[in-house]
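Visitor:
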Amino acid sequence: MSTPRSRRAARSFSPTRRKLLLVGVFGAVNAGLVRALGSPRSPARAPATAGEGAPTTPVALEGAAEPPPPDHNFDTVISGGRVIDPDSGYDQVANVGIDGGAVTSISKEPLKGTASIDASGLIVAPGFIDLLSYEPNSFGIWYKVADGVTTNLGMHGLQLAPGEYFDRFSGVTPTHFGGAFDDNWGRSIQAEIGNDLAGTPDQLDRLVDEFEEGIEGGWIGISFSLEYTPGVDNEEVDRLADVALKYDLPMFFHARYSDPDPPGTNAEAIEEILRVAREKGVAVHVEHITSTGGTHTMAETLATLDEARAEGIDVTACMYPYTFWATYLGSARFSPGWQERFRISYDDLVIPGTGERLTEATFEQYRSENVLAAAYAIPEEDVRTGLKDPHVFIGSDAILEEELNNHPRGAGSFARVLGHYVRDEQVIDLHQALRKMTILPAQRLERPVPALRRKGRMQIGADADITIFDPDTVIDKATVDNPAQHSEGIEYVMVLGQIVKDPNGLQTGVTPGQPITA
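Quick note on numbering: the numbering used here labels position 516 of the sequence shown as 1296, and the sequence is numbered without any gaps.
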């Protein structure tokens, strides 16, 4: 795939260019003098933002090597960009030196390198981490890259065994990849439990064994889809929570209810998730909170989560920046009463890829075929409220498939936040947005996942997973009618120091992505 040559193509990657890169790194920061992160298991700390006591010298990861000598020739130099580290709050125009797959220098002084990128006028940020995704299929994953994603994690659950998953995608994927055990898949395929039924003791034994084997095979969490599997009860959740706690893995939840009206309310759905965290001591995460668990009650739902944190409960949430969700018409979400629950009508349902709005007749037809539909059912104010919360980060909940029957969030979530909600609407600032895309998802999983302690940061010693974008032009282009459109303004994407996107397009022959396992 390729994208049209951008207006910044003149800044293109040049392996021979030496302009402005002839001076040694006399001003390079000594890693022994800069502030270290401390233990990766320490609680997340709020960074200073630019202009509010933010550091003016870059941070080094604990244990990072000393910076190279002044006459060092880096593999790649990114020069003149606004370098932002969402973890520490560092925000300075600087030069970045990369050797192999790591950032080895961040300096105000010129650096020289075998290859160079002119990033003047651009933001140099950690690569975006999409933790609420799915399998990195060879079609959809490149739309993620065009949206700035460098790590694609299927924490909504992966419906295959880890051995098959890692074999299938190793060596052929541009982004890093990993994910969670899918309780829905495990209970239906492995334990043979019906969606509407509670498991017997023997069935739950099989499910627990399958989960533990999955962890040993590489899964980094577990995901429940309670709305789609109403038979899941507290016993099932608790037994799996014991395993998650044993391995210090988080539990991700698609909540049981999606509206404020009884029977079955958002408040009840959130309390169900908090119960297991409170009683078992396990970390929990609320998936796509604007569409499930918080719709029409976002302020109240977020206040409940704040109260839980005050108790000491480890709870986070994520969202995508759209006023519509999407799921299959044959699912339990469209059981009788859906119009009243979601406060929408047939005309609020649209088939992605075609733009067709449904009628009562076409709804029944497509429901029998289990077609995916987008539902305009999320209030704009809920989106804005969710974005403003410091514990809610960005997760797309999608990846495009070639048939294009999918939500545009699979191609545009990250650029939409930066372009629409940061630059145009000014709902949150750039530092807040970047935290939601980088350090927060890394911190959610880094305790049991060592690889993520080197991601989500622009720091000396961090992995060279880097997204370089134009704050003036970045924007999503994907729509419900045509979701397969690349975001604009994402100029360069690097994974372990290798360029997978530049202003000339996607480098589809470059696949440096690595497995992310516990």
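From the three backbone atoms N, C-alpha and C, an ideal C-beta is built for every residue, glycine too.
Owing to the predicted nature of the structure, the values given are computational and were not obtained by experimental measurement.
#1: I need the DSSP call for T1288, collapsed to helix, strand or coil.
#2: Let me check understanding here. Comparing Cα to Cα, which of T1297, F991, T1288, V1275 lies closest to F908?
#3: Counting only runs that start and end within the stretch 1037–1100, where is the beta strand (DSSP E) found for 3 or more residues in a row?
#4: Count the other CB atoms, across all protein chains shown, that sit within 10 Å of the CB of E972; report buried if there are 16 or more and exposed otherwise.
#5: For the pair the stretch 1208–1221 and the stretch 963–970, tell me if three or more CB-CB distances fall below 8 Å.
#6: Going by Cα to Cα distance, which pick from G1175, R1233, A844 is closest to H1034?
#7: Quick check on this structure: which residue in E1051, R1113, V929 has the alpha carbon closest to the alpha carbon of F1194?
#8: Mind checking which residues open and close the alpha helix (DSSP H) that includes R986?
#9: Since M1031 and G997 are thought to touch, with beta carbons under 8 Å apart, how far apart are those beta carbons, to the nearest angstrom?
#10: Quick one: Cα of A913 to Cα of G1133, how far?
#11: By how many angstroms is the C-alpha of D1086 removed from the C-alpha of I1131?
#12: Which runs of the alpha helix (DSSP H) spanning at least 4 residues fall entirely within the stretch 1181–1254, listed in chain order?
#13: Please classify S896 as buried or exposed, where buried requires at least 16 neighbouring CB atoms within 10 angstroms.
#14: For G943, which of Y1201, V839, F919, G959 has the nearest alpha-carbon?
#15: Determine the DSSP secondary structure at G861, reduced to helix, strand or coil.
#16: When the distance is taken between beta carbons, is G1192 closer than 8 Å to D927?
#17: Quick check: what's the CA-CA separation for P1292 versus T931?
#18: Quick one: Cα of R1237 to Cα of I1248, how far?
#19: Quick one: what's N853 bridged to in DSSP?
#20: Please name the residue in E990, P981, D976 whose C-alpha comes closest to that of Q970.
#21: Do you know offhand how far P1228's Cα is from A1141's?
#22: Identify every run of the alpha helix (DSSP H) within the stretch 872–949, keeping only runs that are complete inside it and at least 4 residues long; order them along the chain.
#23: I'd like to confirm the pairing. Which residues does DSSP put opposite S1003 in its beta bridges?
#24: Curious, which full-length beta strand (DSSP E) runs of at least 3 residues does the stretch 1115–1190 contain?
#25: In chain order, what residues of the same chain have a beta carbon less than 6 Å from the beta carbon of L1029, not counting five sequence neighbours either side?
#26: Please work out which residues of its chain come closer than 8 Å, Cβ to Cβ, to G893, disregarding the five sequence neighbours upstream and downstream, and give them in chain order.
#27: Please report the residue range of the alpha helix (DSSP H) in which V1023 lies.
#28: Does the distance from the CB of L984 to the CB of E1015 come in under 8 Å?
#29: Using 8 Å as the threshold, is the stretch 1010–1024 in touch with the stretch 935–950, meaning 3 or more CB pairs across them?
#30: Run the CB neighbour count on T980, radius 10 Å, all protein chains shown included, and call it buried at 16 or more, exposed below.
#31: Would you mind giving the Cβ-Cβ distance between R1036 and G1044, rounded to the nearest angstrom? I have them listed as a contact below 8 Å.
#32: Distance check for I1296 and Y923, CA to CA, integer angstroms please.
#33: Looking only at DSSP bridge pairs, what is Q1278 linked to?
#34: So if DSSP puts F957 in a beta bridge, which residue, or which two residues, is it bridged to?
#35: Quick one: is Q1287 buried, meaning 16 or more other Cβ sit within 10 Å of its Cβ, or exposed?
#36: Where R1089 and L938 are concerned, what is the direct C-alpha to C-alpha distance, given to the nearest angstrom?
Guide: Taking the coordinates as given:
#1: In this structure, T1288 counts as coil in the three-state DSSP scheme.
#2: With distances taken between Cα atoms, F908 lies closest to V1275.
#3: 1064–1066, 1095–1099
#4: exposed
#5: no
#6: G1175
#7: V929
#8: 981–997
#9: The pair is not a contact, with the Cβ atoms about 18 Å apart (cut-off 8 Å).
#10: The sequence given here has Ser at residue 913, not Ala. The straight-line gap from Cα to Cα measures roughly 19 Å.
#11: 36 Å
#12: Correct list: 1189–1196, 1210–1217, 1219–1225.
#13: So S896 counts as buried.
#14: Out of Y1201, V839, F919, G959, G959 has the C-alpha closest to the C-alpha of G943.
#15: Three-state DSSP puts G861 in a strand.
#16: yes
#17: 11 Å
#18: If you take the alpha carbons of R1237 and I1248, they lie about 13 Å apart.
#19: K892
#20: E990
#21: 50 Å
#22: With a minimum length of 4 residues, the continuous alpha helix (DSSP H) runs that stay inside the stretch 872–949 are 920–926, 942–949.
#23: For S1003, which the question treats as bridged, DSSP gives the partners D962, F1032.
#24: 1129–1131, 1152–1155, 1172–1174
#25: G1001, P1228
#26: Contacts found: L801, N853, F854, D855, T856, V857, G877, I878.
#27: V1023 -> alpha helix (DSSP H) spans 1014–1026.
#28: Cβ atoms of L984 and E1015: closer than 8 Å.
#29: no
#30: exposed
#31: 7 Å
#32: 20 Å
#33: Its beta-bridge partners are V1275.
#34: N932, P1295
#35: Buried is the call here.
#36: 28 Å
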